[in-house]
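For what it's worth, the numbering used here labels the leading residue of the sequence shown as 3, then goes sequentially.
Glycine included, every Cβ here is placed at the ideal spot set by N, Cα and C.
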Amino acid sequence: LINMIKKWEISVIHFVPSLLEAILDQDLLTSCSSIKQVVCGGEGITPRLKEKFFQQINARLYHAYGPTEAA
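Shown next as structure tokens:
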């Protein structure tokens, strides 16, 4: 996934928070400078995830949490 983000210079990506947290725990997105916006949905975002995100990535974080129909 990280190689594809770099190869195609992905700027907007959508993760469920648990996957984003796993990727941040491995410090994998710091080399993906093309990412400008990350959308998270389907689960709540923890304060830890939000803090790690902004420490590692210079991008906007959108939380699209809500009922399944809205996510």
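query, result
"Bridge partner(s) assigned by DSSP for glutamine 39", "Val14 and Arg62"
"Cut-off 8 Å between Cβ atoms - residues of its own chain near isoleucine 15, not counting five sequence neighbours on either side", "Ile7, Ile37, Gln39, Val40 and Val41"
"Where aspartate 29 sits in the DSSP three-state scheme", "coil"
"Assigned secondary structure, glutamate 77 (DSSP; H/G/I helix, E/B strand, else coil)", "Summary: the structure shown does not reach residue 77, with the chain confined to residues 3 through 73, and so no result is reported for it."
"Cysteine 59 and leucine 31 closer than 8 Å at C-beta", "Contrary to the premise, residue 59 reads as isoleucine rather than cysteine in this sequence. Their beta carbons are under 8 Å apart, which means isoleucine 59 touches leucine 31 by this criterion."
"Three-state secondary structure (DSSP) of leucine 21", "helix"
"First and last residue of the uninterrupted alpha helix (DSSP H) at isoleucine 7", "4–9"
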